[in-house]
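Everything below concerns the one structure shown next.
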Amino acid sequence: MDSALAVDRLHFAFTVTFHYLFPQLTMGLALLIVILKAAALRTGNPVYNEAARFWVRIFAINFVIGVVTGIPMEFQFGTNWARFSKDAGGVIGQPLAMEGVFSFFLESSFIGFFVYGEKRFSPKMHWLTAFLVFLGSWMSGFLIIATDAWMQHPTGYKLGPDNQILLDSFWGLILNPWVLWQYLHNMIAAVVTGSFVMAAVGAYYQLAGLYVEHARVFLRTGVIAGTIALLALLFPTGDGQGRMVAEHQPVTLAAMEGLFETTPGAGIAILGQPDPAAMRLDNPLVVPRALSFLTYRRWGAVVRGLNAFPRDLWPDNIPLLYYSYHIMVGLGTILIALMLLCVWFLWRGQLYATRPLLWALLLALPFPYIATTAGWMTAELGRQPWLIYGVMRTADGFSPRVSASNGLFTLLGFMGLYLVLGILFLFLVHREIENGPAAEPVVAGGAK
Amino acid sequence: MIATVWFCLVAIMIAGYVVLDGFDIGAGVVHLLVARTSDERRQILQSIGPVWDGNEVWLLAGGGTLYFAFPALYSAAFSGFYLALMIVLWLLILRGVSIELSNHVEGPLWQPFWHFIFGASSVLLAVLLGAALGNVVRGVPLDANGYFFLPLWTNFVPGTDAGIVDWYTLLAGVASFVALSFHGCCWVASRTEGELQTRARAVGVKAWWAVLVLTALLTVVSFRIQPHLWAEFMAYPWGAVFPLLAVLGLVGGLFFLARHRDGAAFLSSCLYLVGMLTSVTFGVYPYVLPSNVSPAAGLTIYNSAAGEYGLYIGLAWWIPGMLLAAVYSIFVYRRLPAKVT
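These protein sequence lines are chains D and H, in that order. For any residue, its number in this note's numbering is found by taking its place in the first sequence, counting from 1, and adding 3. For any residue, its number in this note's numbering is found by taking its place in the second sequence, counting from 1, and adding 1.
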């Protein structure tokens, strides 16, 4: 913690990790609310409208925290990562500026009508405001992923004099092959988070015997959307993302999997603790040949281990990378099993009466958040030691004139402030859940 | 050439931000003074509620535009003003939360607390934004690599070892504070009725005199602090049109406010802010961040702009994107109620 590099890394890691707890629900819920409101339009059943209204209130609180914690991210590129920004700003500044111009103006213009405008618009027009907010948030997601994808796998650029990185092809930047899988994988994970939150609240009401009609809408919507999304998370998007890593960041793949030696017919380690000093995985529990098959579609294929790469290309924190990846996959597997079970019981008409399953859905609420966080840690730790893969090292990107002490000062400030925001968020959402789905739309309120 | 185009576009974004977010920051600055009851404070919040977030997007979109068009400037300025910017971020967070969450709980403490946070964060933001502009005019001690780092304050004298806050930048901060107070009063007066409106007009007139004095003072001092301003206006006399806009706006502000034509007063105040900002940007051009150590070390549009291809392709999405944003804004502003109640 005494070097500026370490502080700047922790600074960004902390603010972005906390921030992303909120947009993932924003993006996931936006889609589910669009679906609920469409169901209300088609069926004319008022329960769907009341369900949508309830989730709009949760959405509004979540959106505020997402917006205010999102502002620092753009600034931090300049404040803490000045050398990176100076060299690469002409490229990644494009999607970041586009996010402001195309997404934020759209979202900020229609969020007020979406949250407080139900009585001022026809049902169809109000559905349209929901759709526009959904569109804005998913576009925003795309442009941020395009930025990250470029750092993972830079395309569409050339090097200028004194190493400035110049944009060479706009479409090369935006249609980077890395973007497609990463975007889909990420957005579908957001739908999983939204589905689990919806199902968990439904399970809570159902177990407590409150708002039973709404509880069932929440459970049904959450379980069906969650199952579809989880399956798509595994295949094709997770698979596609994994093969991108195998193709373009093979050393990262080896570190994620804890594969120290190049092996034909490599297995997948389900459990185990990597020991980079001794170059081995302790206490391994391995599915034979699975890694070769998943990566190259051949059971006997050779997978390069860490020993095939020079040490200065290894990710700098292999154990944390390995654990992050395994936590993501492990939790994903548990969540798939839970949702498949729920969907089976739903199909049989027994879900609402099966209390252990409802308890499981309720208690599973934190898991999608942990899994998405672990997934992002896998992506960003896996990119190390590079800031822009193969182009600029992380150690060459931070601000030269910002001291570790000043960085620590503001990091502590953010920690304090975000603690307050986290408590506020939980307090307000808890109140909304206790208030329950109301029959009447929200019209007034101080702001918006 | 294309760098100059982007210089103008970034200036437009910054002016848009100051004029738009300026009125909701200004409303926050004056609301503890103008609104006496919790209900009146709620009215002020309601008047900015549907638009403040969109106004703040001008800062984010403007920042993003600055980032990709002038990356060397972005990285130098943001890392150099590190501490002040982090404080700005914290204030933006607190302010956003106070606006959005103050109406979520009824109770004797919740709303007064958030109303206070709204006022305090708005005041500090108004001062800091002005001080930031003051720093750009005064210049900063850029090193050979084009970076610098400024402490928050040192001895308050605008020399080479000045901090972010010295007496000159503080003067700019206070000028910004009174200008946004006036701007906020015009907004509140144009959106409310009754006692609240009367008080907003009265406070606005007082603020106007402060704006007049500080504008004159700041103008004189700025020409002494940054000689490049004078040289630029002498070399290109047509640039006098920008200060003229500011003077027109200033005169119009009092003229209309005194006649209770609040909407026209608000537009005059917009004109004043645009005039002041364009005067500064015209005066520092082609610098974007002058050096206060040696003029040659300053960042100009030429040594801080991104590659040409990126700048040209940027126009292709920026222009339609901002036109779309203008359409959304018109849609939102046209649906605002004439008066909040």
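Backbone N, C-alpha and C fix where the C-beta goes; we use that ideal spot for every residue, glycine too.
Counting C-beta neighbours from all protein chains within 10 Å, is the total for N56 (chain H) 16 or more, i.e. buried, or is it exposed? buried
So, are the CB atoms of F105 (chain D) and L325 (chain H) less than 9 Å apart? yes
Within chain H, the residues that A235 (chain D) reaches when beta carbons sit closer than 8 Å: In chain order: nothing, as chain H lies at least about 30 Å away.
DSSP state of W7 (chain H) mapped onto helix, strand, coil: helix
For G448 (chain D), I'd like the list of residues in its chain whose CB is within less than 8 Å of its CB, leaving aside the five on either flank, ordered along the chain. Residue confidence is low: G448 (chain D) scores 45 on pLDDT, short of 50, so the model does not pin down where it sits. Its coordinate-derived value is still stated next. Result list for G448 (chain D): Y119, in chain order.
So with CB distances below 7 Å, who are the chain D contacts of W91 (chain H)? G416 and L420
Candidates D:F113, D:A218 and D:F117, of which the one nearest Y355 (chain D) by Cα: D:A218
Give the list of continuous alpha helix (DSSP H) stretches no shorter than 4 residues that lie fully inside the region 229 to 279 of chain D. 242 to 251 and 253 to 260
Boundaries of the beta strand (DSSP E) in which D144 (chain H) is found, first to last residue: D144 (chain H) -> no beta strand (DSSP E), and no H or E assigned at all.
9 Å Cβ cutoff, Q209 (chain D) in contact with chain H: no
Check whether the Cβ atoms of V226 (chain D) and A202 (chain D) sit closer than 9 Å, and answer yes or no. yes
Against chain H, with Cβ distances strictly below 9 Å, would W84 (chain D) count as a contact? yes
Leaving aside the five residues before and after L74 (chain H) along the sequence, list all residues of the same chain whose C-beta is less than 8 Å from its C-beta, in chain order. L67, V289, L290, L300 and S305
Just list the residues that DSSP pairs V306 (chain D) with in beta bridges. D:T266
Under the rule that 16 or more other beta-carbon atoms within 10 Å means buried, what is S408 (chain D), buried or exposed? exposed
If you scan the region 351 to 431 of chain D from start to end, which runs of the alpha helix (DSSP H) of 4 or more residues do you find wholly inside it? 358 to 366 and 369 to 386
Hey, does M87 (chain H) have any beta-carbon neighbour from chain D nearer than 9 Å? yes
In angstroms with no decimal places, state the Cα-to-Cα distance between P371 (chain D) and A152 (chain D). 22 Å
Measure the beta-carbon distance from R200 (chain H) to V35 (chain H) and round it to whole angstroms, keeping in mind my assumption that it falls under 8 Å. 5 Å
Quick one: is I302 (chain H) buried, meaning 16 or more other Cβ sit within 10 Å of its Cβ, or exposed? buried
Who does I49 (chain H) pair with in a DSSP beta bridge? Answer is none; I49 (chain H) lacks a bridge partner.
Cβ of Y23 (chain D) less than 9 Å from any chain H Cβ? no
E250 (chain D), buried or exposed, once every other Cβ within 10 Å from all chains shown has been counted against 16: exposed
Report yes if the CB atom of V30 (chain H) is closer than 9 Å to the CB atom of S123 (chain H), and no otherwise. yes
Do you know whose CA, among H:R260, H:E196, H:V189 and H:L181, lies nearest I45 (chain H)'s CA? H:V189
Using the Cα positions of A206 (chain D) and Y83 (chain H), report the straight-line distance between them to the nearest angstrom. 46 Å
P51 (chain H) at chain D interface by Cβ criterion, 9 Å: yes
Are the region 341 to 352 of chain D and the region 298 to 312 of chain D in contact at 8 Å, needing three or more beta carbon pairs? no
Just to make sure I have the definition right: I need the residues of chain H whose C-beta is within less than 7 Å of the C-beta of K89 (chain D). Which are they? P72, A73 and S76
Go ahead and pull the three-state DSSP assignment for P244 (chain H). helix
Can you tell me whether T279 (chain H) is buried or exposed? The criterion is at least 16 other CB atoms within 10 Å of its CB, across all chains shown. buried
DSSP has D285 (chain D) in a bridge; who is on the other side? D:Q276
Could you have a look at I165 (chain H) and say whether DSSP puts it in helix, strand or coil? coil
Does the beta-carbon of P440 (chain D) have 16 or more other beta-carbons within 10 angstroms, so that it is buried, or is it exposed? buried
How do the region 245 to 257 of chain H and the region 266 to 281 of chain H stand: do at least 3 beta-carbon pairs fall below 8 Å, yes or no? yes
Closer than 8 Å by beta-carbon distance: list the chain H residues that pair up with D171 (chain D), in chain order. Y310
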